[in-house]
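Numbering (our numbering), first residue to last: 228 to 576.
C-beta atoms are modelled at their ideal positions from N, C-alpha and C, and glycine is treated no differently.
Notes for the one structure printed next.
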Amino acid sequence: MRKHFLLSCSFLLCMTAVAQAPHKWAVVLHGGAGVIERKNMDPKTEAAYRASIHAALEKAADTLDKGGSALDAVEAAIRMMEDDPLFNAGRGAVFTATGKNELDAAIMDGSNLKAGAVAGVTRTRHPISLARAVMEKSLHVMLVGTGADEFAASHGLEMVDPGFFFTERRWQGLVKELQREGKPIPPRPAGAPPAPGKPVAEIGPPDAHKFGTVGVVALDKQGNIAAGTSTGGLTAKMWGRVGDSPIIGAGTYADNRSCAVSGTGTGEYFIRLTVARTICALVQYKGVGLQAAADEVIQHQLTEMKGDGGVIAIDTKGDMVWSFNTPGMYRARVAEGGKPEIEMYRDQP
Ligand code: ASP
């Protein structure tokens with residue numbers, strides 16, 4: 228009896244120790260998928276992307292290392308990328324066909340399935356922080372347009388004039404795309420600098436199908452995972468068009484019981500396939516491994532539908548994966564005690 232009691236005690240102690248053992252943190256991020264090919268990338272542009280991705284990864288890693296939550300890490304890294312004109316999020320976002328920047332973002336907490344999302348915001352500097360405010364300070368999951376911007380202002384978030392998001396590179400991208408589609412070119416937006424006399428050098432691969440949406444998934448020391456995504460959507464999108472990034476279950480999803488996912492690509496396909504949630508459901512209900520689940524949805528389901536893009540995903544064990552069917556995806560990952568990996572092309576060594 229006594230032996231049995233001792234055995235159960237040590238078993239219990241052991242279980243408590245396991246339950247309390249701090250998790251090793253881990254983080255994966257993406258900066259968009261698309262036609263990102265070595266042959267089109269000059270060394271200067273590649274170095275610029277590498278530096279930006281590295282800085283954002285470091286920001287998330289630092290946050291997690293100091294004991295910050297997965298949500299904090301996701302938000303902090305995405306805020307950096309929203310301010311970085313290299314990415315299609317915040318400043319540097321692509322334009323709608325009517326010449327506006329309409330921004331979408333979402334964040335989800337895998338520990339309690341709370342989520343916040345915003346779509347079509349035009350005046351909030353950091354849409355990811357607004358998504359978090361919707362999650363934490365409203366009764367709702369999603370706010371759109373003017374209402375979302377007003378919510379941001381009323382909660383003290385930093386507001387900017389819409390011209391803040393303007394970059395010449397994205398404007399030229401819009402002009403090119405509208406010319407290709409034979410559509411009228413809208414006037415330059417208010418607050419934009421005067422048009423440059425000579426053409427602006429293209430940064431990155433010369434193709435409209437380079438995206439630049441940003442996303443982060445993280446695991447913190449408490450063992451919780453979170454996901455976040457922020458984007459300007461697609462170049463020359465229709466006024467009011469909403470992509471997958473802010474749709475919970477499509478471009479963004481997190482659940483401690485399965486995984487956290489952020490996607491990038493042509494959002495219409497991601498919405499129809501509920502890409503992020505389907506990956507998590509495969510893990511949760513079918514016991515499929517994280518890489519296999521991401522590949523099933525991206526390499527098979529999305530590809531068969533002729534959709535394009537990719538995902539990053541993480542789970543509470545610290546598995547960090549990505550899968551994409553485009554020529555490239557800006558992506559990076561690092562786990563506690565490990566070396567950061569930064570990749571761009573499909574044929575990465
Ligand atoms: N998925 C985004 C959208 O469709 C775009 C992207 O990821 O590049 O809005």
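Query, Result
"Inter-residue CB distance, valine 301 and valine 561 (contact presumed, cutoff 8 Å)", "Contact flag wrong, Cβ pair sits at about 14 Å."
"Span of the alpha helix (DSSP H), counted from its first residue to its last, around isoleucine 280", "270–292"
"Any 3 or more C-beta pairs closer than 8 Å across the stretch 278–285 and the stretch 301–311", "yes"
"CA-to-CA distance, histidine 250 to glycine 555, given in whole angstroms", "31 Å"
"Nearest to valine 387 (by Cα), restricted to the options Gly418, Arg407, Lys533, Arg397", "Gly418"
"Contact check, serine 485 vs alanine 508, beta carbons under 9 Å", "yes"
"Whether aspartate 542 touches leucine 291 by CB criterion (9 Å)", "no"
"beta-carbon alanine 332 near the ligand ASP non-hydrogen atom, thresh 8 Å", "no"
"Proximity winner among Thr272, Arg277, Ala297, Asp289, relative to alanine 481 (alpha-carbon distances)", "Ala297"
"Span of the beta strand (DSSP E) around serine 457", "452–458"
"Span of the beta strand (DSSP E) around aspartate 331", "330–336"
"Residues near proline 420 by beta carbon distance below 8 Å, same chain, minus five either side", "Phe393, Glu395"
"Separation of arginine 573 from arginine 558, as counted between CA atoms", "11 Å"
"Local Cβ density within 10 Å of arginine 359, reported as buried at 16 or more and exposed below that", "buried"
"Inter-residue CB distance, alanine 344 and valine 361 (contact presumed, cutoff 8 Å)", "7 Å"
"Secondary structure of proline 432, DSSP reduced to three states", "Only weak support is given to the placement of proline 432: the predicted model assigns it a pLDDT of 46, under 50, and the value that follows is read from those uncertain coordinates. Coil at proline 432, not helix or strand."
"Threonine 543: CB within 8 Å of a non-hydrogen atom of the ligand ASP", "no"
"DSSP beta-bridge partners of glycine 492", "Gly536"
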